[in-house]
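Structure, as structure tokens:
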Amino acid sequence: MYSEISANKFKSWLIIVGFVVFIGLLGLLLGAYTGRPSLTIGALIGGSIYALVMYFMGSRLSLAVNGAKQIQKSDNPRLWRIVENLSITEGLPMPKVYIMNDPAPNAFATGRNPQNAAVCATTGILEIMDDTELEGVFAHELGHVKNYDIRVSMIAFALTIVVSFLADTILHMTWFRDDDEDNGPLVLIFAIVGALLAPLVATLIQMAISRRREYLADATGALATRYPEGLARALEKIQAYGSQTRVQNSATAHLFFANPLKGRGISNLFSTHPPLEDRIQRLRSMNTHS
Numbered sequence: 027m028y029s030e031i032s033a034n035k036f037k038s039w040l041i042i043v044g045f046v047v048f049i050g051l052l053g054l055l056l057g058a059y060t061g062r063p064s065l066t067i068g069a070l071i072g073g074s075i076y077a078l079v080m081y082f083m084g085s086r087l088s089l090a091v092n093g094a095k096q097i098q099k100s101d102n103p104r105l106w107r108i109v110e111n112l113s114i115t116e117g118l119p120m121p122k123v124y125i126m127n128d129p130a131p132n133a134f135a136t137g138r139n140p141q142n143a144a145v146c147a148t149t150g151i152l153e154i155m156d157d158t159e160l161e162g163v164f165a166h167e168l169g170h171v172k173n174y175d176i177r178v179s180m181i182a183f184a185l186t187i188v189v190s191f192l193a194d195t196i197l198h199m200t201w202f203r204d205d206d207e208d209n210g211p212l213v214l215i216f217a218i219v220g221a222l223l224a225p226l227v228a229t230l231i232q233m234a235i236s237r238r239r240e241y242l243a244d245a246t247g248a249l250a251t252r253y254p255e256g257l258a259r260a261l262e263k264i265q266a267y268g269s270q271t272r273v274q275n276s277a278t279a280h281l282f283f284a285n286p287l288k289g290r291g292i293s294n295l296f297s298t299h300p301p302l303e304d305r306i307q308r309l310r311s312m313n314t315h316s
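Take the sequence shown: its letters are residues 27 to 316, numbered as in our numbering.
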């Protein structure tokens, strides 16, 4: 199990390095298309500043857009106790605790690091889960915190913003291009194709990071509770009830315990989460070999 965690961490960081290289290539494409290298530098600096602001503000924004409300121990002693006990077990600072008024059983963690982390439960998950299942869910979420998945998610989110910024810049300059400018038809074609494909590539890379991290958090959560079956049962309940929240926000979907977005069929190809069946099977396999 430890080797699986180590391998997933390494693969996830490789994806992020590839993401950064992709952003650099897109910036070079912008410079080649316009014939103005200064625009490439300006676009990269501007996009990076914007991404940096979003990196530091992303946690607050993700909680706000989902309508999450911070609670204290007296507001929900059961949830607070579970999160507190797991934090002690994992040697982590106590995160801020939030509740989201939504009937869908779901949860998420966010923040830049364990010292600035927050966890959130929907009212739906608090209603249908018993203590063992809820413990499995938040062991998973604190696994994201422990493994710095929350930081990786913020980095991926910020890099996606930079890619979208550069792609929009290329498209904008295509529409308002001076007909007298001629940097070659191939450059023009590649620039337009690159601008159109960039957001899709960014989404696919972000999705790949998230999927790997979900398996990693499941494994970490199972180690923390020493009872993979509790988390497997929680996933089975979510499979039966459905995890689609009333607030549909694709920008924060990758943070959730289970996919909060509506859609089936081909849309699952672009889901930020692996199939629940696969997660359950892996957990049951861990339980068998433990």
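Ideal Cβ placement from N, Cα and C applies to all residues, glycine included.
In angstroms, rounded to a whole number, what distance separates the CA positions of residue i and residue j?
i, j, result
"M180", "Q141", "15 Å"
"L257", "G150", "16 Å"
"F283", "V109", "15 Å"
"G162", "F45", "32 Å"
"N285", "T298", "7 Å"
"F36", "S236", "14 Å"
"E116", "A94", "24 Å"
"G291", "Y267", "Note that G291 scores 47 on pLDDT, short of 50, meaning its location in the model is unreliable; the coordinates nonetheless yield the value given after this. Computed Cα separation, rounded: 18 Å."
"E255", "I42", "32 Å"
"P129", "D156", "16 Å"
"L152", "N139", "25 Å"
"F183", "L56", "21 Å"
"L230", "I71", "24 Å"
"T66", "F82", "24 Å"
"K99", "L168", "18 Å"
"T158", "R308", "18 Å"
"L185", "L54", "16 Å"
"I75", "H198", "20 Å"
"S293", "D304", "With a pLDDT of only 47 at S293, under the threshold of 50, the placement of this residue in the model should not be trusted, and no figure is reported."
"N111", "V219", "51 Å"
Looking only at its chain, what residues have a beta carbon closer than 7 Å to the beta carbon of residue i, apart from the 5 residues adjacent to it on each side?
i, result
"T136", "S85, S88, L89, A144, I176 and L281"
"A287", "The residue asked about is misnamed: residue 287 is Leu in this sequence, not Ala. Result list for L287: Q270, Q274, S276 and A279, in chain order."
"H166", "A243, D244, G247, L257 and F283"
"N102", "I125"
"S64", "none"
Which residue or residues does DSSP assign as beta-bridge partners of residue i?
i, result
"Q141", "Answer by DSSP bridge pairing: none, since Q141 is not bridged."
"F134", "C146 and F282"
"Q270", "Q270 pairs with nothing; no bridge assigned."
"K122", "A144"
"A94", "M126"
Taking 8 Å as the limit between beta carbons, can you name the residues of its chain near residue i, skipping five residues before and five after?
i, result
"V227", "F48 and V189"
"I306", "A258, L261, E262 and Q265"
"I154", "P131, K263 and Y267"
Among the options, which one has its Cα closest to the Cα of residue i?
i, options, result
"H170", "T66, I67, R305 and D244", "D244"
"L118", "Y174, I75 and L40", "Y174"
"L107", "R138, L160, E303 and R305", "The sequence shown places Arg at residue 107, rather than the Leu named in the question. Among R138, L160, E303 and R305, the Cα nearest to that of R107 is on L160."
"P131", "K263, H198 and A184", "K263"
"V91", "K122, Y81, D156 and T278", "T278"
"S311", "Y76, Y124, L287 and Y241", "Y241"
"I97", "V79, V123 and M80", "V123"
"P121", "A193, D128, G50 and F134", "F134"
"A77", "M126, S276, I187 and L56", "I187"
"M126", "N139, L112 and C146", "C146"
"R272", "T148, F164 and D304", "T148"
"L51", "N111, R308, L223 and P300", "L223"
"L105", "M80, S64, F164 and V79", "F164"
Near residue i, which residues of its chain fall below 6 Å by C-beta distance, leaving aside the five closest residues on each side in sequence?
i, result
"Q265", "L302"
"S113", "M120"
"P300", "R237 and E240"
"G68", "none"
"M80", "A184 and I187"
Does the pairing of the segment 51 to 62 with the segment 243 to 250 give three or more beta-carbon distances under 8 Å? With a cut-off of 8 Å, the segment 243 to 250 and the segment 51 to 62 do not count as touching, because too few Cβ pairs lie within range.
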